[in-house]
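Colleague:
Numbering (the working numbering), first residue to last: -10 to 551.
1. Does the stretch 349 to 364 come close enough to the stretch 421 to 430 to have 3 or more Cβ pairs within less than 8 Å?
2. Give every residue of the same chain whose Cβ lies closer than 8 Å to the Cβ of residue 205, excluding the five residues on either side of it in the sequence, and list them in chain order.
3. Would you mind stating whether residue 137 and residue 388 have Cβ atoms separated by less than 8 Å?
4. Could you tell me how far apart the beta carbons of residue 461 and residue 482 are, in whole angstroms, since I believe they sit closer than 8 Å?
5. Does the beta-carbon of residue 550 have 16 or more other beta-carbons within 10 angstroms, so that it is buried, or is it exposed?
6. So what's residue 413 in DSSP terms, helix, strand or just coil?
7. Report, in whole angstroms, the separation of the C-beta atoms of residue 110 and residue 36, which I expect to be a contact under 8 Å.
8. State yes or no: is the C-beta of residue 457 within less than 8 Å of the C-beta of residue 422?
9. Would you call residue 524 buried or exposed, if buried means 16 or more other Cβ atoms sit within 10 Å of its Cβ?
10. Quick check: residue 126 and residue 55, are their CB atoms within less than 8 Å of each other?
11. Does the beta-carbon distance from residue 30 to residue -4 come in below 8 Å?
12. Report the rounded CA-to-CA distance for residue 222 versus residue 189, giving the unit in angstroms.
13. Residue 75 by DSSP, collapsed to three states: which one?
14. For the alpha helix (DSSP H) that contains residue 487, what are its first and last residues?
15. Among 211, 485 and 259, whose alpha-carbon lies nearest the alpha-carbon of residue 274?
16. Just to check my reading of the structure: residue 58 and residue 79 have Cβ atoms closer than 8 Å, yes? What is that Cβ distance to the nearest angstrom?
17. Under a Cβ-count criterion, where at least 16 other Cβ atoms within 10 Å of its own Cβ denotes burial, should residue 393 be classed as buried or exposed?
18. Looking at the unbroken beta strand (DSSP E) that takes in residue -7, where does it start and where does it end?
19. Taking all protein chains shown into account, do 16 or more other C-beta atoms lie within 10 angstroms of the C-beta of residue 348, making it buried, or fewer, making it exposed?
20. Does DSSP put residue 482 in a helix, in a strand, or in coil?
21. Is residue 487 near residue 14, with beta carbons less than 8 Å apart?
22. What is the DSSP secondary structure of residue 45, counted as helix, strand or coil?
23. Candidates 430, 410, 450 and 150: which alpha carbon is nearest residue 418's?
24. By the three-class DSSP mapping on this structure, what secondary structure does residue 524 have?
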């Protein structure tokens, strides 16, 4: 779960540190107090694009830090696959620093890309705001929701479908290779035979280009080589050294320690003698021939020409030769191989069809249950007259996810208007409630431990708000939930209640956040109920609302823990 949030120098926030708890964490505050900044800072840490305009005026940088506790073994393994390891206590820290030049994200002090950051945080936290509600307008999201709900029944089938689909695509591409007509095939055969003859006729071998280049360099600069070696041969003349040895040996009888010098002189004489013989032997082999140079240059041109045409190295040329032979063999047995490819393609298409049909049956079975459960939740969320349907249609093509297209349909006036796509019927407030209904149904199976709801109370009040609060509390039995709200019915359900407040300090506006104790919660509920003037009656109503909320929470049956 999300243990804490730290924000520094972001917009109106000078510095804020807050520790969250299990269950339902409620955030409230006056309009303009900075509630959106708090949720926005979490979004930034999760990978949303940051602007330098977000840095608090007068500061050089802003920073955000999220501290997570990871105690689930399956989630630890998923993080390990991303090369991310919580510490021995299961703590994982995600941070983001925003400067005038750029933004840097880190996971446990390791700089990460935005893609990796989103992959990591996707395992830990799910954020639902207006954008997420709007995602319900896209049919692809409906398929994701159905597959999430039916994961136990469909996950294996989805993997099989994806594997079959990739093999199907390979077979399809292979079959497309046999689509050419007879004339085109004959032209390609002739060209391949020419290229194969060209390469085989050259008899190229690995390392030949480098060897020939060395021969050409040596022949081209033979005069300079001879002059240099002649000078070296003269320098290795050992006559002077021989005289020195005789001179030193003549005085050893006067000082015995000179024998070491004499031995060193003899060693030097031996080295020079060997060197002189080596130079002499090399010079004897320096039989320069204009004809040999021209032959080597001509062969080098052939080798380099083939390398330029077929791959850049001798190995690439020889590999190209084998590929061309294989392609020629394929063309020579075209009809036979085309028939085999057609049979393989049809067999793979049949396997893919059978797998997709099994996946579709599993989805339809799950959809009937999900449809009923969402319908029940919508009725509990004060959709007084509603008809909700999940329609599964077959696409005219295969995809990695099968051949199903899923769409959620709804009618808020059943009997007069048939169910229609959500985008044609649902308002913004209704979309938020539909999403909440879906999250409530998925609460038993959703593996993401922390859920954030922003704008969940858009367009609702009264009885509907009470129902929404009960659903949030239900979800919080198995998940950590963070919710920003302005409705007292939702705030009363809080397991932990945080106030976001804007004040002026030293002539500067700052936003602060702190956790409320029970009496402070009552005062905040009274403010939400009564507005500017909080009377004793309003405060008593707030106290009663909190008491009834606690009774409601005690009666709720908790969904299964993840």
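A virtual CB, placed ideally from N, CA and C, is assigned to each residue, including glycine.
Modeller: Considering the structure as presented:
1. Judged by Cβ distances under 8 Å, the stretch 349 to 364 makes contact with the stretch 421 to 430, as three or more pairs qualify.
2. Along the chain shown, one-based indexing puts residue 205 at 216. Taken in chain order, the residues that qualify are 282, 285, 286 and 289.
3. If you number the chain shown from 1, residue 137 lands on position 148. If you number the chain shown from 1, residue 388 lands on position 399. Their beta carbons are not under 8 Å apart, which means residue 137 does not touch residue 388 by this criterion.
4. Counting from one through the chain shown, the residue named residue 461 turns up at place 472. Counting from one through the chain shown, the residue named residue 482 turns up at place 493. With a Cβ gap of about 6 Å, residue 461 and residue 482 count as contacting.
5. Taking the first residue of the chain shown as 1, we reach residue 550 at position 561. Any reading at residue 550 must be qualified, since the residue scores a pLDDT of 49, below 50, and its modelled position is unreliable; the value itself is stated next. Flag for residue 550 reads exposed.
6. Along the chain shown, one-based indexing puts residue 413 at 424. In the structure shown, residue 413 adopts helical secondary structure according to DSSP, grouped into three states.
7. The residue given as residue 110 occupies position 121 in the chain shown. The residue given as residue 36 occupies position 47 in the chain shown. Beta-carbon to beta-carbon, residue 110 and residue 36 are separated by about 7 Å, close enough to satisfy the 8 Å threshold.
8. Against the chain shown, residue 457 aligns to sequence position 468. Against the chain shown, residue 422 aligns to sequence position 433. Residue 422 sits close to residue 457, with the two beta carbons spaced by under 8 Å.
9. Taking the first residue of the chain shown as 1, we reach residue 524 at position 535. Exposed is the call here.
10. For the purposes of this step, residue 126 is identified with residue 137 of the chain shown, where counting begins at 1. For the purposes of this step, residue 55 is identified with residue 66 of the chain shown, where counting begins at 1. Taking 8 Å as the Cβ cut-off, residue 126 and residue 55 do not qualify as a contacting pair.
11. The residue given as residue 30 occupies position 41 in the chain shown. The residue given as residue -4 occupies position 7 in the chain shown. Yes.
12. The residue labelled residue 222 in the question sits at position 233 within the chain shown. The residue labelled residue 189 in the question sits at position 200 within the chain shown. In a straight line, the C-alpha of residue 222 is about 46 Å away from that of residue 189.
13. Counting from one through the chain shown, the residue named residue 75 turns up at place 86. Residue 75: coil per DSSP, three-state reduction.
14. Numbered from its first residue, the chain shown carries residue 487 at position 498. Here residue 487 belongs to no alpha helix (DSSP H); instead the beta strand (DSSP E) covers 485 to 494.
15. To locate residue 274, count along the chain shown from 1; it is residue 285. By alpha-carbon distance to residue 274, the top candidate from 211, 485 and 259 is 211.
16. Numbered from its first residue, the chain shown carries residue 58 at position 69. Numbered from its first residue, the chain shown carries residue 79 at position 90. Between the beta-carbon of residue 58 and that of residue 79 there is about 5 Å, and that keeps the pair under the 8 Å contact cut.
17. Taking the first residue of the chain shown as 1, we reach residue 393 at position 404. Its Cβ being crowded by 16 or more others within 10 Å, residue 393 is buried.
18. Residue -7 sits at position 4 when you count from the first residue of the chain shown. Start and end: -9 to -1.
19. Walking along the chain shown from the start, residue 348 turns up at place 359. By the 10 Å Cβ count, residue 348 comes out buried.
20. Here the question's residue 482 lines up with position 493 in the chain shown. The answer is coil: DSSP assigns residue 482 none of H, G, I, E or B.
21. As a first step, residue 487 is located in the chain shown; it is residue number 498 there, counting from the start. As a first step, residue 14 is located in the chain shown; it is residue number 25 there, counting from the start. Contact: yes.
22. Numbered from its first residue, the chain shown carries residue 45 at position 56. In this structure, residue 45 counts as coil in the three-state DSSP scheme.
23. Within the chain shown, residue 418 is the residue found at index 429, counting from 1. Checking every option, the nearest Cα to that of residue 418 belongs to 450.
24. One-based indexing of the chain shown puts residue 524 at position 535. Three-state result, residue 524: coil.
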